[in-house]
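> Take this structure, written in structure tokens, and hold onto it; I'll ask about it next.
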Amino acid sequence: MVRQPLLWDTLAAMDLGSADTGKVLTVVSALTGSDAVSRRLAELGIRPGARLRILSRTSGGGAIVAIGDDRLAVSRAILTSVEVADQVPAHG
214 MVRQPLLWDT LAAMDLGSAD TGKVLTVVSA LTGSDAVSRR LAELGIRPGA RLRILSRTSG
274 GGAIVAIGDD RLAVSRAILT SVEVADQVPA HG
């Protein structure tokens, strides 16, 4: 079976650390280099297809990220390992 390209496969992606504060984004991938960290991010909601928004930046280069009703403090290292794209439009 051939995998059909997902809509976010065609969007220009950037790392989460480069994204603008306040903009709604869709997670494309979270490649941390560690299976345990990637699994934990998925448990927290940072997984492909998830929509999130950077609420604010921290002085150490991290950020407070909103995923649904949850707020997460995310380090600079994690921000640079999460690839996002502009919000994927809803299918209709």
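Read in order, the letters of the sequence shown correspond to residues 214 to 305 in my numbering.
We put the CB at the ideal spot given by N, CA and C, even for glycine.
Here the structure is a predicted model, which is why all the values come from computation and not from measurement.
V297 and V250: beta carbons closer than 8 angstroms?
No.
> Where D248 and R284 are concerned, what is the direct C-alpha to C-alpha distance, given to the nearest angstrom?
Each residue's Cα considered, the two are about 23 angstroms apart.
> Spell out the partners DSSP gives D299 in its beta bridges.
DSSP, once it has assigned bridges, lists L238 as partnering D299.
> Rounding to the nearest angstrom, what Cα-Cα distance links A225 and S269 in this structure?
Spanning the two alpha carbons is a distance of roughly 23 angstroms.
> Go to A279, then tell me how far its beta strand (DSSP E) extends in each direction, as first and last residue.
A279 -> beta strand (DSSP E) spans A276 to I280.
> Report buried or exposed for S272, applying the criterion of at least 16 other Cβ atoms within 10 angstroms of its Cβ.
Exposed, by the Cβ-count rule.
> Locate the beta strand (DSSP E) running through D283, then write down its first and last residues.
Run containing D283: D283 to V287, per the beta strand (DSSP E) assignment.
> May I ask you to report which of helix, strand or coil DSSP gives I267?
Strand.
> Can you check which of these residues, I291, G274 and A263, is closest to D282 by C-alpha distance?
D282 has its Cα closest to that of A263, out of I291, G274 and A263.
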